[in-house]
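Here the sequence shown stands for residues 20 to 266, where the numbers follow the working numbering. Ideal placement from N, C-alpha and C gives every residue a C-beta, glycine not left out. Before any comments, here is the structure.
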Amino acid sequence: MDEQNKKIGPKIKRWTEERLNLRQIVAVLLDIFPVIYGELDQRLDVREGLQKLLKKPVPKRLNFLYCFGGMTFLLFVIQVVTGILLAIYYKPSAADAYTSVKFITNVVPLGWLVRQIHAWGSNLMIITVLIHMGRVYFHGAFKNPRELNWMVGVVLLGLTLGFGFTGYLLPWDQKSFWGTTIGTEVAGGVPLIGSYLLVLLRGSQNVTGDTLTRFYSVHVLILPWITTMFLAVHFAMIKRQGVAKPL
Ligand code: HEM
């Protein structure tokens, strides 16, 4: 244990002092994890508790396609952690948003990395959730008795896309301003309720600082909590019903 601490100490010091590349950061994390896990397991029997909770029978002939639900969840957790870190420096106002994002990228230690992980994570999460949905569809896992979980999944897909749509505006640069202008205009084209929907999304007739405040609160407060609730229901149903056999 002391041996391991001695190895990690200088690495962390270097990590905070200079901008390391990704391979060096992964190496540090791989050094830290066994120390924390070993200490916890020794005192709390984490392994035994986890095995009781998670060891469930699954169908024979599982393949990597079954991993995409779990991968989507892992990405969601990464998004929450990196999002909280970004929120420490991000300023959600028309006057400060753009400069605060520049500050995160260029000045905050490892800010560039946290921002890139958050941006890449959002795209990857959409890709993995679509593959997961396709896996469930082509295996016929949406059929009785899992119809309700499919419907919960459809809501989760909408929430995932909602994160992407609201997050896109937050850097408050030309790309995000015009992207949101077009995106909300599409909503404005919905028959009958389009004009109301447009004002509801923008907060006025145009994309302004009010839109930014609105999107920020949806992105960091409303969507994360609703998603967490729907994920809890999704997982509770999977635990109760088990994973379906392929058709
Ligand atoms: C944030 C998004 C989502 C997460 C984190 C998630 C996570 C998971 C996980 C971990 C499983 C266990 C088995 C597996 O991975 O294949 C699962 C199963 C399932 N998911 Fe999702 N899911 C999400 C979105 C969706 C979507 C968009 C749909 C469909 C519209 C869906 C429908 C289902 C169904 C029906 C099952 C049961 C499949 C079976 O029993 O074989 N999920 N989900």
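Is the beta carbon of residue i less than 8 Å from the beta carbon of residue j?
i      : j      : result
LEU9   : GLY159 : The shown model of the chain, from 20 to 266, leaves out residue 9, and the question about it has no answer.
ILE145 : GLY183 : yes
GLY222 : GLY213 : no
TRP191 : ALA113 : yes
THR185 : VAL133 : no
GLN260 : PRO164 : yes
LEU84  : ARG154 : yes
VAL252 : VAL77  : no
LEU178 : THR246 : yes
LYS30  : VAL54  : no
VAL209 : LEU216 : yes
ILE27  : ILE51  : yes
LEU220 : THR232 : no
GLY140 : ILE103 : no
Could you check if residue i belongs to the surroundings of the ligand HEM, using beta carbon to heavy atom distance under 7 Å?
i      : result
LEU69  : no
VAL173 : yes
ARG259 : no
HIS151 : yes
HIS158 : yes
ASN168 : yes
GLY88  : yes
ARG154 : yes
THR179 : yes
PHE182 : no
HIS137 : no
THR91  : yes
ALA106 : no
VAL133 : no
VAL127 : no
PHE83  : no
VAL148 : yes
ARG165 : yes
With a CB to CB cut of under 7 Å and the five nearest residues on each side skipped, what residues in its chain are close to residue i?
i      : result
THR91  : MET144, THR147, VAL148, HIS151
TYR187 : SER195, GLY198, THR199
SER119 : TYR108, TYR109, LYS110
GLY88  : HIS151
Please decide whether residue i counts as near chain C, where near means a Cβ-Cβ distance under 8 Å.
i     : result
LEU48 : Although the question refers to chain C, the structure presented lacks it and comprises just one protein chain.
Please work out which residues of its chain come closer than 8 Å, Cβ to Cβ, to residue i, disregarding the five sequence neighbours upstream and downstream, and give them in chain order.
i      : result
LEU250 : PHE92, PHE95, LEU175
ASN125 : TRP131
LEU180 : ILE145
ASP201 : Correcting the residue type first, residue 201 is Ile in the shown sequence and not Asp. Excluding sequence neighbours, ILE201 sits near nothing in its chain.
TYR117 : PRO190, TRP191, ASP192
ALA19  : The structure shown does not extend to residue 19, since the chain spans only 20 to 266, so no value can be given for it.
Considering only residues of the same chain and omitting the five flanking positions on each side of residue i, which have a CB-CB separation below 6 Å?
i      : result
ARG66  : ASP60
MET20  : Low local confidence applies: a pLDDT of 49 at MET20 is under 50, so the model's placement there is unreliable, and no value is given.
PHE234 : THR185, LEU188
CYS86  : none
HIS238 : THR185, GLY186
VAL127 : TYR108
Residue ranges of each alpha helix (DSSP H) run of no fewer than 4 residues wholly in the stretch 35-77, ordered along the chain? 41-63, 65-73
Within the stretch 185-253, ranges of the alpha helix (DSSP H) (whole runs, at least 4 residues): 193-207, 213-221, 228-236
Unbroken stretches of the beta strand (DSSP E), 3 residues or longer, contained in the stretch 109-184: none
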